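K.L.:
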Amino acid sequence: MSSAKERRTSNQITIPTITTSQSTPQTPREQKKKKILFKCALTNTISDVLTNREGWAQTQGDDWQFFWVTREWMTTCYDKHKFTEKQLICHFRNDFELTRKDFLIKNYKKARKAKEKSGVDVATEFNFIPSSYVLPAEYHLFVEEFRKYPTDTIWIMKPVAGAQGKGIFLFRKLKHVQEWKKKDSSGSEALPYVVQSYIHNPYLVGGKKFDVRIYVLVTSFRPMNAWVHREGFARFSHSRYSTESVDDAFVHLTNVAVAKTAADYDPERGLKWSLPKLFRFFKSMHGQSKVSKTMNDLAKVIIESLKSVQNLIIQDTHCFELYGYDILFDENLKPWLLEVNASPSLTASSQEDFELKYRVLNHMIDVLDIEKKWVARYRSQL
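Sequential numbering from 0 applies to the sequence shown in numbering that gives the first Met the number 0.
1) Have a look at Thr293, Ile155, Val159, Pro191 and flag the residue whose alpha-carbon is nearest the alpha-carbon of His175.
2) Which word fits Ala122, buried or exposed, when buried means at least 16 other C-beta atoms lie within 10 angstroms of its C-beta?
3) So Ile301 is in the alpha helix (DSSP H); what residue range does that whole segment cover?
4) Pull up the distance between the alpha-carbon of Phe209 and that of Lys306, whole angstroms please.
5) Thinking C-alpha only, which one of Thr44, Ile312, Gly205, Val300 is nearest Ser238?
6) Apart from the five residues just before and just after Phe102, which ones in its own chain have a Cβ nearer than 7 Å to its Cβ?
7) Note down, one range per segment and in chain order, each beta strand (DSSP E) of at least 3 residues found wholly within the region 193 to 235.
8) Give a yes or no on contact between the region 268 to 286 and the region 104 to 121, applying the rule of three or more CB pairs nearer than 8 Å.
9) Who are the Cβ neighbours of Arg171 in its own chain at under 8 Å, not counting the five residues just before and after it?
10) Ignore the nearest five residues each way along the sequence and tell me which others in Phe319's own chain have a CB closer than 6 Å to its CB.
11) For the alpha helix (DSSP H) containing Glu53, list its first residue and its last residue.
12) Can you give me the C-alpha to C-alpha distance between Val366 and Leu274, rounded to a whole angstrom?
13) Quick one: grab the DSSP three-state call for Ile45.
14) For the region 288 to 303 against the region 66 to 83, are there 3 or more C-beta pairs whose distance is under 8 Å?
15) I'd like to check one pair, Leu216 with Met73: are the Cβ atoms closer than 8 Å?
16) Identify which residue in Pro129, Ser236, Gln59, Ala341 has its Cα closest to the Cα of Lys207.
17) Looking at C-beta atoms only, is the number of pairs between the region 122 to 139 and the region 340 to 348 that lie closer than 8 Å three or more?
18) With distances taken Cα to Cα, identify the nearest neighbour of Ser349 among Asp325, Gly323, Leu270.
19) Leaving out five residues on either side along the sequence, give the residues of the same chain with a beta carbon under 7 Å from the beta carbon of Gly231.
20) Along the chain, which unbroken stretches of the beta strand (DSSP E) at least 3 residues long are found entirely within the region 58 to 84?
21) Compute the Euclidean distance between the alpha carbons of Lys38 and Asn361, then round it to the nearest angstrom.
22) Just reading off the alpha helix (DSSP H) that Val339 is part of, what are its end residues?
23) Could you pull out every residue in the same chain whose Cβ sits closer than 6 Å to the Cβ of Leu428, ignoring the five residues on either side in sequence?
24) Please state whether DSSP places Lys271 in a helix, a strand or coil.
25) If we ignore side chains and look at the alpha-carbon of each, how far apart do Glu370 and Tyr148 end up?
26) Which first and last residues belong to the alpha helix (DSSP H) in which Phe145 is found?
27) Please state if the CB of Phe125 and the CB of Leu336 are separated by a distance shorter than 8 Å.
28) Identify whether Glu124 lies in helix, strand or coil by the three-state DSSP scheme.
29) Residues in the same chain with beta-carbon distance under 8 Å from Thr98, minus the five sequence neighbours each way, listed in chain order, please.
30) For Val227, decide whether its Cβ has a neighbour in chain C, counting only Cβ atoms nearer than 8 Å.
31) At what residues does the beta strand (DSSP E) containing Lys157 begin and finish?
32) Verify whether the separation of the beta carbon atoms of Ser131 and Val193 is less than 8 Å.
33) Would you report the Cα separation of Lys100 and Pro129, rounded to the nearest angstrom?
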């Protein structure tokens with residue numbers, strides 16, 4: 000492998016880059032020596048991983064074997080693209096069945112109903128998403144449910160396709176939803192949202208709420224082949240938890256994009272913990288037996304959520320997906336699924352964050368085992 004030097008991005012993250020052949024266009028002969036040709040539509044950590052992977056070379060043509068595509072490419076190009084035997088992309092065609100909040104809820108409820116019909120006690124065996132409704136379609140069902148709860152119950156509203164905490168708000172009174180439900184002055188319908196009962200008893204560390212990002216690689220839905228990466232991270236809210244105010248995003252939301260808007264935000268201050276560190280903390284507080292049960296429950300959440308869409312996702316051997324699962328633990332260490340991301344952020348907020356994401360992505364490619372599968376085929380054709 001050619002020698003490398005270090006460069007720094009604008010946010011002072013040290014990234015290794017190849018300084019020889021990567022800096023100049025390669026001839027077809029040089030590219031063949033590299034054997035694995037890739038394209039990458041992003042310029043963050045995944046680009047660095049692919050650029051620095053031994054035996055890989057970037058191409059601007061259609062002769063790629065690995066393409067890190069965007070959602071826009073999936074929408075506009077996937078159906079028209081004629082895949083060769085050795086081409087692989089990073090999304091399934093209809094991954095929204097799992098990753099759009101309204102579809103996630105719909106498929107969860109369908110799977111839960113099927114479990115209940117088969118005799119499963121769903122209250123204990125299949126209960127990992129809070130009570131949820133898709134608005135405006137299920138508005139009247141939500142109102143019926145709302146009136147069953149105490150008047151001080153907190154609910155949370157999320158846009159079905161939102162990200163980075165945008166559009167999320169909490170409320171206690173039905174009038175806030177009624178105002179949202181009204182048509183705007185142009186007469187257009189309200190945008191679809193998911194409303195959920197708010198998990199009022201989150202596990203707190205240092206008085207702060209947090210959620211956990213877990214990376215799950217799926218290479219096939221039929222048969223189901225999935226891997227959970229050991230590394231992930233916990234994201235802490237900027238401010239200490241309290242239910243006195245439902246309007247303070249710094250208290251209730253853990254998104255880095257939200258925390259960055261705080262006047263005193265410092266990316267190195269410690270708003271993230273690694274997943275191993277979090278579970279070591281859990282073990283010190285609750286013992287190995289309790290933590291082992293929590294980890295088993297967490298694995299079940301991931302497995303059951305994937306199974307709920309197993310027969311819906313369009314199976315394609317040219318596709319894989321790295322999902323970002325967002326999990327919240329309550330005070331009893333019960334895991335609750337908040338959402339699943341088809342395009343989890345690969346932009347690093349700190350040096351530690353970059354190194355973690357770099358390892359996750361590098362290990363992902365190891366699991367895909369592209370070199371062994373395709374280089375062997377290439378050599379057999381020589």
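Cβ coordinates follow ideal geometry from the N, Cα and C atoms, glycine included. In this text the structure is predicted, and so the values were computed from the model without any measurement.
P.N.:
By the coordinates alone:
1) Here residue 175 corresponds to residue number 176 of the sequence shown, with the count starting at 1. Cα-wise, what sits closest to His175 is Ile155.
2) By 1-based counting over the sequence shown, the position of residue 122 is 123. With fewer than 16 Cβ atoms within 10 Å of its Cβ, Ala122 is classed as exposed.
3) In the sequence shown, the residue the question calls residue 301 occupies position 302. Taken as a continuous stretch (DSSP letters only), the alpha helix (DSSP H) holding Ile301 covers 287 to 306.
4) Counting from 1 along the sequence shown, the entry for residue 209 is found at position 210. Counting from 1 along the sequence shown, the entry for residue 306 is found at position 307. CA-to-CA, the gap between Phe209 and Lys306 works out to about 27 Å.
5) Here residue 238 refers to the residue found at position 239 of the sequence shown. With distances taken between Cα atoms, Ser238 lies closest to Gly205.
6) In the sequence shown, the residue the question calls residue 102 occupies position 103. The beta carbon of Phe102 is closer than 7 Å to those of Phe95, Glu96 in its chain, skipping five residues each way along the sequence.
7) Listed in chain order, the complete beta strand (DSSP E) runs (minimum 3 residues) inside the region 193 to 235 are 207 to 220, 223 to 235.
8) Look at the beta carbons and you see the region 268 to 286 not touching the region 104 to 121: under three pairs across the two are nearer than 8 Å.
9) In the sequence shown, counting from the first residue as 1, residue 171 sits at position 172. Exclusion of the five residues before and after Arg171 leaves Thr150, Asp151, Thr152, Ile153, Trp154, Val245 as the residues of its chain whose Cβ lies within less than 8 Å of its Cβ.
10) Numbered from 1 along the sequence shown, position 320 holds the residue referred to as residue 319. Answer for Phe319: Thr218, listed in chain order.
11) Position 54 of the sequence shown, counted from the first residue, corresponds to residue 53. Neither: Glu53 is in no alpha helix (DSSP H) and is coded neither H nor E.
12) Numbered from 1 along the sequence shown, position 367 holds the residue referred to as residue 366. Numbered from 1 along the sequence shown, position 275 holds the residue referred to as residue 274. Rounded to whole angstroms, Val366 and Leu274 show a C-alpha spacing of 20 Å.
13) What you label residue 45 is simply residue 46 of the sequence shown in a count that begins at 1. Helix.
14) Result no; under three Cβ-Cβ pairs closer than 8 Å.
15) Residue numbering aside, residue 73 sits at position 74 when the sequence shown is read from its first letter. Residue numbering aside, residue 216 sits at position 217 when the sequence shown is read from its first letter. Going by C-beta atoms, Met73 is not nearer than 8 Å to Leu216.
16) Residue numbering aside, residue 207 sits at position 208 when the sequence shown is read from its first letter. If we check each option's Cα against that of Lys207, Ser236 comes out closest.
17) Remark: fewer than three beta-carbon pairs, one from each stretch, lie closer than 8 Å, so the region 122 to 139 and the region 340 to 348 are not flagged as touching.
18) Indexing the sequence shown from 1 puts residue 349 at position 350. When Asp325, Gly323, Leu270 are compared, the shortest CA-CA separation from Ser349 is found for Leu270.
19) For the purposes of this step, residue 231 is identified with residue 232 of the sequence shown, where counting begins at 1. Val211, Arg212, Ile213, Tyr214, Leu274.
20) Counting only runs of 3 or more, we get 65 to 67.
21) Working through the sequence shown from its first residue, we reach residue 38 at position 39. Working through the sequence shown from its first residue, we reach residue 361 at position 362. About 16 Å.
22) The sequence position of residue 339 within the sequence shown is 340, counting from 1. Val339 -> not in any alpha helix (DSSP H); beta strand (DSSP E) instead, spanning 334 to 340.
23) The structure shown has nothing for residue 428, since the chain only spans 0 to 381.
24) Here the question's residue 271 lines up with position 272 in the sequence shown. It is a strand residue.
25) The sequence position of residue 370 within the sequence shown is 371, counting from 1. The sequence position of residue 148 within the sequence shown is 149, counting from 1. Approximately 56 Å between the Cα atoms of the pair.
26) Along the sequence shown, read from residue 1 onward, the residue named residue 145 stands at position 146. Note, Phe145: alpha helix (DSSP H), 138 to 145.
27) Within the sequence shown, the letter at position 337 stands for residue 336. Within the sequence shown, the letter at position 126 stands for residue 125. The answer is no: Cβ separation not under 8 Å.
28) Residue 124 sits at position 125 when you count from the first residue of the sequence shown. In the structure shown, Glu124 sits in a helix (DSSP, three-state: H, G or I).
29) Here residue 98 refers to the residue found at position 99 when the sequence shown is read from its first residue. Around Thr98: Tyr322, Glu338, Val339, Asn340, Ala341.
30) In summary, chain C is missing from the structure at hand, where a single protein chain is found.
31) Here residue 157 is taken as the residue at index 158 of the sequence shown, counted from 1. That run of the beta strand (DSSP E) goes 154 to 158.
32) Taking the sequence shown and counting its residues from 1, one reaches residue 131 at position 132. Taking the sequence shown and counting its residues from 1, one reaches residue 193 at position 194. It is a contact, given that the beta carbons lie within the stated cut-off.
33) Indexing the sequence shown from 1 puts residue 100 at position 101. Indexing the sequence shown from 1 puts residue 129 at position 130. When rounded, the separation of the alpha-carbon atoms in Lys100 and Pro129 is 12 Å.
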